[in-house]
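Asks: Going by this note's numbering, the first residue of the sequence shown is number 1, and it counts up by one from there. We treat Cβ as the ideally placed atom computed from N, Cα and C, and that holds for glycine.
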Amino acid sequence: MWIEAITVRTARLGQCVQLLEDMAAFREQGAIAGPLWFACYRNLEVENEICVHLAWKAEFQVMARTDCGLLIARRFARHGLVHHTLWKQTAYTCFK
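(1) With a Cβ-Cβ cutoff of 7 Å, do HIS79 and THR7 count as a contact?
(2) In three-state DSSP terms, what is GLY34?
(3) For PHE38, tell me which candidate among ALA64, PHE95, ALA25, GLU47 has the shortest Cα-Cα distance.
(4) List the endpoints of the continuous alpha helix (DSSP H) containing ALA73.
(5) When burial is assigned at 16 or more other CB atoms within 10 Å of the CB, is CYS94 buried or exposed?
(6) At a cut-off of 6 Å, is VAL17 close to the ligand SAH when judged by its beta-carbon and the heavy atoms of the ligand?
(7) Go ahead and label VAL46 buried or exposed: buried means 16 or more other beta carbons lie within 10 angstroms of its beta carbon, across all protein chains shown.
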């Protein structure tokens, strides 16, 4: 499994609230394979920053920025500074 993380820092907190509501209603059109799951997070230290994590199954999706992630990044870019990164699970992951 790998994670695609898209973070945006907006000018105002109200923009984050609207973006989170938009993400809750988000449905990608025309996707062949969607993410295993996605989650939205708010930064506890910077209240006008949010991050969306898209989890992908490694054997079904090439580890690269996906169309879904790029679409979210483009939407976020209308509201602030975007940081789009890819994360691979390590052998040192521990589950309880």
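Replies: So, from the listed chains and residues:
(1) no
(2) coil
(3) ALA25
(4) 67-77
(5) exposed
(6) Absence of the ligand SAH is noted for the structure shown, with no ligands found whatsoever.
(7) exposed
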